[in-house]
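Residue numbers (this note's numbering): 2 to 264. For reference, the structure is listed below as C-alpha cells.
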C-alpha cells in the first residue's frame, strides 16, 4: 500500500490531513481557500497545474505562519475554475461564477462558528475573478474576506519572461513542487505564442473581452516556458509563501473596524 504522505505525517495546518482530536482545540484565526482550475496547460504541464500550485502554496503558508505563532488553516482546494471560453479544449471543466458564489457562501457559513476571523481566497487561476463574490458576501458575514493571486505576490524578475499561462513562472513552480508531472523532453514543449486581438481597442487595453482560447494559442500556453528552471521556481515560491504568511499573520490580529485609518 502506498503512503501519500511519504511517511512524513500530517502537515501543519492542512485540514485534509488532520484528525478530529487534533482540530477540537486551538485557535485558527485565518483560513486559506485555494481556488484552482482543471484545464490544459500547454503541452508539458498537467491539467491540474493551478490546483496543485494553489494547494501547495496554501500548505506552505500554513506551516510558515504556524512556525511564527499564528494558526493558519489550509482548506481543501476548489479544483474547478471559470473556464467559459476554453470549453472547446477537451476535458476542460468549467464552473460559473454564480456556482462559485454558492460554494463560497456555504464555506463561509461553515467557518463562522469556529473562531475564524479572516478567510483568504488564494487564487491560482486567472479566470477566477473573485472580487464580485467578495463584494456580495462581505456584508453577510463578520469574517474578513480577502483575495490573493499567489502568482502576483513575489518578484517575477527571477524569470526572463514570466508568461501568463503555462509560461516560465508556472513551469518553474511545477518543476519545484512536482517535477515528475512536467514533460521531460523540452523539445515537446509549446512556445506559448499568442495571436493578438483583431480589435484595436482590446489590443491597446482600454476595452476587454474574454479570450477565445483556441483562437489565441495553438498549444494552449501563453508565454514561452522553455527557460524555466527549478531553482527559479523554488526562489519565487519561497518569497510568495513568506509574503502571504505575513499577510495572514496581520489579518489574525487586525481590527475589522479599523482596516482603513489615518497614519
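Just so it is clear, CB atoms sit at the ideal spot from N, CA and C, and this is done for glycine as well.
Note down the Cα distance separating residue i from residue j, rounded to an integer number of angstroms.
i: residue 163; j: residue 94; result: 25 Å
i: residue 77; j: residue 263; result: 37 Å
i: residue 144; j: residue 119; result: 5 Å
i: residue 22; j: residue 11; result: 13 Å
i: residue 196; j: residue 216; result: 7 Å
i: residue 186; j: residue 227; result: 10 Å
i: residue 245; j: residue 141; result: 25 Å
i: residue 111; j: residue 17; result: 15 Å
i: residue 156; j: residue 168; result: 15 Å
i: residue 201; j: residue 218; result: 19 Å
i: residue 194; j: residue 225; result: 7 Å
i: residue 255; j: residue 153; result: 23 Å
Output needed for residue i: all residues of its chain with C-beta closer than 8 Å, excluding positions within five of it in sequence on either side, in chain order.
i: residue 176; result: 183, 229, 230, 231, 234
i: residue 213; result: 86
i: residue 180; result: 231
i: residue 13; result: 63, 64, 67, 68
i: residue 258; result: none
i: residue 98; result: 83, 130, 133, 134
Please determine, among the options, the residue with the shortest C-alpha to C-alpha distance to residue i.
i: residue 192; options: 207, 166, 209; result: 166
i: residue 64; options: 253, 259, 242, 258; result: 242
i: residue 37; options: 26, 101, 13; result: 101
i: residue 103; options: 117, 135, 75; result: 135
i: residue 31; options: 44, 219, 113, 201; result: 113
i: residue 54; options: 252, 237, 257; result: 237
i: residue 61; options: 139, 35, 221; result: 35
i: residue 130; options: 247, 207, 47, 211; result: 211
i: residue 44; options: 220, 239, 9, 260; result: 220
i: residue 79; options: 247, 173, 125; result: 125
i: residue 46; options: 206, 174, 99, 27; result: 174
Name the two residues that bound the continuous beta strand (DSSP E) containing residue i.
i: residue 119; result: 119–124
i: residue 35; result: 31–36
i: residue 74; result: 73–75
Could you spell out where the alpha helix (DSSP H) holding residue i opens and where it closes?
i: residue 147; result: Note, residue 147: premise wrong, no alpha helix (DSSP H); beta strand (DSSP E) at 145–150.
i: residue 98; result: 98–112
i: residue 175; result: 169–178
i: residue 252; result: 231–254
i: residue 53; result: 50–68
i: residue 138; result: 132–138
i: residue 202; result: 201–205
i: residue 260; result: It is not in any alpha helix (DSSP H) - residue 260 carries neither H nor E in the DSSP assignment.
i: residue 22; result: 21–24
i: residue 87; result: Segment: none, residue 87 is in no alpha helix (DSSP H) and carries neither H nor E.
Thinking C-beta only, is residue j closer than 8 Å to residue i?
i: residue 82; j: residue 51; result: yes
i: residue 123; j: residue 66; result: no
i: residue 56; j: residue 249; result: no
i: residue 128; j: residue 84; result: yes
i: residue 40; j: residue 90; result: yes
i: residue 190; j: residue 117; result: no
i: residue 121; j: residue 147; result: yes
i: residue 74; j: residue 138; result: no
Can you list, in chain order, the residues of its chain whose CB lies under 6 Å from that of residue i, leaving out five sequence neighbours each side?
i: residue 198; result: 204
i: residue 96; result: 81
i: residue 159; result: 233, 236, 237
i: residue 2; result: Residue placement at residue 2 is flagged as unreliable, the pLDDT there being 38, under the threshold of 50; the coordinate-derived value follows with that caveat. Result list for residue 2: empty, nothing under 6 Å.
i: residue 105; result: 134
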